[in-house]
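Data block below; observations after.
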Amino acid sequence: MIANLTSSERQQAFVLAVGVVLAGGAMTILGRSDTLGVHGAIVMLFAGVVLYLIMSSFYDPEPVEDRESSYYDDPIKAGIVLSMAWAVFGMFMGVWVAAQLAWPDLAFDAAWSSFGRLRPTHTTGVIFGFGGNALIATSFHVVQRTSRARLAGQVSPWFVLLGYNLFCVLAVSGYLLGVTQSKEYAEAEWYADLWLVIVWVTYFVLYLRTIARRKEPHIYVANWYFMAFILVVAILHIVNNLALPVSWGHAKSYTIWPGVQDAMVQWWYGHNAVAFFLTAGFLGMLYYYLPVRAQRPIFSYRLSILSFWGITFFYMWAGSHHLHYTALPHWVQTLGMTFSVMLLVPSWASAGNALLTLNGAWHRVRDDATLRFMMAAAVFYGLSTFEGSFMAIRPVNSLSHYTDWTVGHVHAGALGWVALITFGSLYTLVPALWKRERMYSAALIEVHFWLAIAGTLIYVFAMWNSGIIQGLMWRTYTEDGALAYSFVDSLVAMYPYYIARAFGGLLFLIGAIVGCYNIWMTVRAVPVAAARAADVPVTPVAVPGE
Amino acid sequence: MADTYHRKLERSAIGLVIAIIAAASVGGIVEIAPLFTIDETVEQAPDMRVYTPLELAGRNIYVREGCYACHSQMIRTLRDEVERYGPFSLAVESQYDRPMLWGSKRTGPDLARVGGKYSDFWHVAHLTNPRDVVPESNMPAYRWLARTTLKTDDLPQHLAAQRALGVPYTEEMVENAARDAYGQATPDTDFAAGVTERYGDKTQVSAFDGVTTHVTEMDALVAYLQVLGRLTGAAFEGTAAPEEKPDPEG
Amino acid sequence: MDFDHQAVVAFSKSWGLFYLMALALGVLVYTFWPSNRKRFDRAKHSILDRDDRPWQK
Numbered sequence: 000m001i002a003n004l005t006s007s008e009r010q011q012a013f014v015l016a017v018g019v020v021l022a023g024g025a026m027t028i029l030g031r032s033d034t035l036g037v038h039g040a041i042v043m044l045f046a047g048v049v050l051y052l053i054m055s056s057f058y059d060p061e062p063v064e065d066r067e068s069s070y071y072d073d074p075i076k077a078g079i080v081l082s083m084a085w086a087v088f089g090m091f092m093g094v095w096v097a098a099q100l101a102w103p104d105l106a107f108d109a110a111w112s113s114f115g116r117l118r119p120t121h122t123t124g125v126i127f128g129f130g131g132n133a134l135i136a137t138s139f140h141v142v143q144r145t146s147r148a149r150l151a152g153q154v155s156p157w158f159v160l161l162g163y164n165l166f167c168v169l170a171v172s173g174y175l176l177g178v179t180q181s182k183e184y185a186e187a188e189w190y191a192d193l194w195l196v197i198v199w200v201t202y203f204v205l206y207l208r209t210i211a212r213r214k215e216p217h218i219y220v221a222n223w224y225f226m227a228f229i230l231v232v233a234i235l236h237i238v239n240n241l242a243l244p245v246s247w248g249h250a251k252s253y254t255i256w257p258g259v260q261d262a263m264v265q266w267w268y269g270h271n272a273v274a275f276f277l278t279a280g281f282l283g284m285l286y287y288y289l290p291v292r293a294q295r296p297i298f299s300y301r302l303s304i305l306s307f308w309g310i311t312f313f314y315m316w317a318g319s320h321h322l323h324y325t326a327l328p329h330w331v332q333t334l335g336m337t338f339s340v341m342l343l344v345p346s347w348a349s350a351g352n353a354l355l356t357l358n359g360a361w362h363r364v365r366d367d368a369t370l371r372f373m374m375a376a377a378v379f380y381g382l383s384t385f386e387g388s389f390m391a392i393r394p395v396n397s398l399s400h401y402t403d404w405t406v407g408h409v410h411a412g413a414l415g416w417v418a419l420i421t422f423g424s425l426y427t428l429v430p431a432l433w434k435r436e437r438m439y440s441a442a443l444i445e446v447h448f449w450l451a452i453a454g455t456l457i458y459v460f461a462m463w464n465s466g467i468i469q470g471l472m473w474r475t476y477t478e479d480g481a482l483a484y485s486f487v488d489s490l491v492a493m494y495p496y497y498i499a500r501a502f503g504g505l506l507f508l509i510g511a512i513v514g515c516y517n518i519w520m521t522v523r524a525v526p527v528a529a530a531r532a533a534d535v536p537v538t539p540v541a542v543p544g545e
Numbered sequence: 000m001a002d003t004y005h006r007k008l009e010r011s012a013i014g015l016v017i018a019i020i021a022a023a024s025v026g027g028i029v030e031i032a033p034l035f036t037i038d039e040t041v042e043q044a045p046d047m048r049v050y051t052p053l054e055l056a057g058r059n060i061y062v063r064e065g066c067y068a069c070h071s072q073m074i075r076t077l078r079d080e081v082e083r084y085g086p087f088s089l090a091v092e093s094q095y096d097r098p099m100l101w102g103s104k105r106t107g108p109d110l111a112r113v114g115g116k117y118s119d120f121w122h123v124a125h126l127t128n129p130r131d132v133v134p135e136s137n138m139p140a141y142r143w144l145a146r147t148t149l150k151t152d153d154l155p156q157h158l159a160a161q162r163a164l165g166v167p168y169t170e171e172m173v174e175n176a177a178r179d180a181y182g183q184a185t186p187d188t189d190f191a192a193g194v195t196e197r198y199g200d201k202t203q204v205s206a207f208d209g210v211t212t213h214v215t216e217m218d219a220l221v222a223y224l225q226v227l228g229r230l231t232g233a234a235f236e237g238t239a240a241p242e243e244k245p246d247p248e249g
Numbered sequence: 000m001d002f003d004h005q006a007v008v009a010f011s012k013s014w015g016l017f018y019l020m021a022l023a024l025g026v027l028v029y030t031f032w033p034s035n036r037k038r039f040d041r042a043k044h045s046i047l048d049r050d051d052r053p054w055q056k
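Chains as they are written, first to last, in numbering that gives the first Met the number 0: chain A, 0 to 545; chain B, 0 to 249; chain C, 0 to 56.
Listed below in structure tokens is the structure:
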């Protein structure tokens, strides 16, 4: 981990780790009669392990070669491993909570394992743990390669990566302890939120400084998406999480937004977290790894620019479609609906751009499961953005809202788009980073692909069915004008679908485990002896004169 | 001109940053800013009271257990919802809610007007094991709530934090928060009188979980569930409500 | 000027639209500006140059 750091950088890392240990100690003391104290201990433990890793090789020889002549890949490798670990954790939690809906006794009568506490560990585990680590790792990779420059920091990439994972650990362990704000996708409490702000600002500065060092005159569009992701997530996170702690010794806080304003801010956040975390960041992956894997330039670079600004602009307005027919003012609902429909244009422009890039290379999509992952991701992206715009239309929303249809839609995007593009990108990235000829087993990628596709389809079809049945049962009237079904009737109708959903999720989880094994075996394999042609340093002639 | 302008914009990454902020945040601001003046248009509810300390503690348990993941507290302006759950929710009804718990998914029914629909005894039995009362239910059992003593000593701090954010708790309410929480769940003690004195005589004082010797988390959660939709009668004014206005006394 | 709710809503509704149009125009001009074509073409192809080291000045 620190073999590539000079002795003064090792000291910096040491000071940082000690600082975090001390902060954890302060939390432990201030919150000794509260769950905050438990979190203080977790912070100390986490930072203590990092400290041990730093100290254990503190006096190892310093790096001798000029580090500026190589890319900084160590944090990326760690990020990939962490991302896959979180994937298995988060998806396992997902299968568990899904099974609890069908068999409620699977909570085993404990507080920490009840549905309401486990559910955010699933959402945080997959969105922030799996997705976030994958985004950090790939953004570090893409920004270096497209800028032809090394990351602008030696310690800060590690700080970003490990700090971010500390946030994830605090969030997930907090839910199990009952520490939550009950704001969807922003459940972590005030101190974890503050910590994330520090980490995120470091991430932003690091990214910006690396781009400023670029040798290419133009900033490649993938970086635009990553930058929008970093920047807007920071804004969303800060605004939505403004809260007043009960005291410095309490984990509990109260949001500064009351009632209807909180609803608007929450869904402005919630929807844009989907936009800038789960869409913009992963589009950054798509615009780099898809052309690289296909060995074909993107179909239209201009189209990618237009859809970038379209997405950046339109998404911000769309959040209020989560609040149709509620106490939110009518004009805000209408505005949200309009922009949600308009959003289809830039979304389909991106999906179409990706698919047209592959046009003429379909034989490669057929033979290469990694490329097929990315192709399928683009298709699911197109489908789920269409579905999203459709569901934002008020009359459709009156049926779909509060039902499993929403859950199905989210998973069409999360499994079909986010996870598939991530797996495709990681299978492209892993052999390149660890300097292997290829992944350990192409057959296992194939197995993973079909498990993922089967799992996603079973899941999404189960939820479409259950959601629409549920929505229709709620609004069905008998001939004498009375409601035809009680709520429990609609719940009983859901059970077969809940079982099917848990099975679909299980297939997806098995696929992710197969992926972990494949990546692990690739990393363990013997590096290719002869340097690949690509390893030859670029001669000065190749540097553009511009 | 435009060319050199854009070239500059792109050459420095800062330009791109500013452009992204302009494109992304202004839209949100334009949409959200009017909501800060919304109190001018929101209906008034002079009869609305704040949560009692016990109800607030119950609400915090509702938050802690993530109940919002399966239960909404927002009745939409749709005929079937109004007939199933009661008058549609008004913005003013959640004015003291931090966070709001409108929810996004109904694995279980909406709870915005569940207060008073069932007896305390029913709620305790249902929370202890939902399948004893509703055999088809897939809700988790919350047996441990009745075993866990409610933490009341820091309730004054909770009320003070709420007051700092603008919830109209009086100094007296803050000071007596812990005693009031105890009193609301122990009807025959001296503490009970203070609750109705401070929060109005419509406040339900009851041995929610049937045990009067000490206050448990079950007491708090049931007290909260029983007040849902009953802090104000505003939603029942002038709407074609299919139900009677709730009468907390009855 | 008095910022009552109606005024803020009216401002949002009208200037929000102008803002949308101005931004769309700006983006279109940038994207289709003739002299930008070369840079975009280069960006499009340059990510396919395989190299494993940062460029040195």
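For each residue, glycine too, the CB sits at the ideal point set by N, CA and C.
Minimum Cβ-Cβ distance from residue i to chain B less than 8 Å
i: residue 44 of chain C; result: no
i: residue 0 of chain C; result: Caution applies to residue 0 of chain C, whose pLDDT of 44 falls short of 50 and renders its modelled position unreliable; the model cannot decide the point.
i: residue 11 of chain A; result: no
i: residue 189 of chain A; result: no
Buried versus exposed call for residue i [16 or more other C-beta atoms within 10 Å across all chains shown]
i: residue 246 of chain B; result: At residue 246 of chain B, the pLDDT of 46 sits below 50, so the modelled position is not reliable and the matter cannot be decided from this model.
i: residue 6 of chain C; result: exposed
i: residue 37 of chain C; result: exposed
i: residue 365 of chain A; result: exposed
i: residue 19 of chain B; result: buried
i: residue 276 of chain A; result: buried
i: residue 11 of chain C; result: buried
i: residue 106 of chain A; result: buried
Member of the options whose CA lies at the smallest distance from the CA of residue i
i: residue 0 of chain A; options: A/398, A/153, A/482 and A/127; result: A/153
i: residue 336 of chain A; options: A/299, A/396, A/237 and A/194; result: A/396
i: residue 210 of chain B; options: B/147, B/225 and B/17; result: B/147
i: residue 300 of chain A; options: A/286, A/174 and A/388; result: A/286
i: residue 219 of chain A; options: A/514, A/307 and A/155; result: A/307
i: residue 500 of chain A; options: A/512, A/511, A/469 and A/460; result: A/460
i: residue 199 of chain A; options: A/373, A/157 and A/284; result: A/157
i: residue 178 of chain A; options: B/108, B/59 and B/149; result: B/59
Any chain C beta carbon closer than 8 Å to residue i
i: residue 0 of chain B; result: With a pLDDT of 45 at residue 0 of chain B, under the threshold of 50, the modelled position of that residue is not reliable, and the figure given next carries that caveat. For residue 0 of chain B, the answer is no, since every Cβ of chain C falls outside 8 Å of its Cβ.
i: residue 301 of chain A; result: yes
i: residue 544 of chain A; result: In this predicted model, residue 544 of chain A has a pLDDT of only 39, less than 50, meaning its place in the structure is not dependable; the value taken from the coordinates is given anyway. Not closer than 8 Å to any Cβ of chain C, the Cβ of residue 544 of chain A fails to qualify, so no.
i: residue 29 of chain B; result: yes
i: residue 182 of chain A; result: no
i: residue 167 of chain B; result: no
i: residue 308 of chain A; result: yes
i: residue 14 of chain B; result: no
8 Å Cβ cutoff, residue i in contact with chain A
i: residue 8 of chain C; result: yes
i: residue 255 of chain B; result: Only positions 0 to 249 of chain B appear in this structure, which leaves residue 255 of chain B out of reach.
i: residue 53 of chain C; result: yes
i: residue 161 of chain B; result: yes
i: residue 172 of chain B; result: no
Continuous beta strand (DSSP E) stretch holding residue i: start and end
i: residue 253 of chain A; result: 252-254
i: residue 242 of chain A; result: 242-244
Endpoints, alpha helix (DSSP H) assigned at residue i
i: residue 145 of chain B; result: 143-146
i: residue 334 of chain A; result: 329-341
i: residue 427 of chain A; result: 419-432
i: residue 174 of chain B; result: 170-174
i: residue 386 of chain A; result: 368-390
Within 7 Å of chain A by C-beta, residues of the stretch 86-105 of chain B in sequence order: 88, 89, 90, 93, 94, 95, 96, 97, 98, 99, 100, 101, 103, 104 and 105
Using a Cβ-Cβ cut-off of less than 7 Å, give me the residues of the stretch 145-158 of chain A that come near chain C, in sequence order. 145, 147, 148 and 149: these are the residues of the stretch 145-158 of chain A whose beta carbon lies less than 7 Å from some beta carbon of chain C, given in chain order.
Residues of the stretch 73-96 of chain A with Cβ closer than 9 Å to any Cβ of chain C, in chain order: none
With 9 Å as the limit, tell me which residues of the stretch 2-31 of chain C have their beta carbon closer than that to any beta carbon of chain B; keep them in chain order. 2, 3, 4, 5, 6, 7, 8, 10, 11, 12, 14, 15, 18, 19, 22, 25, 26, 28 and 29
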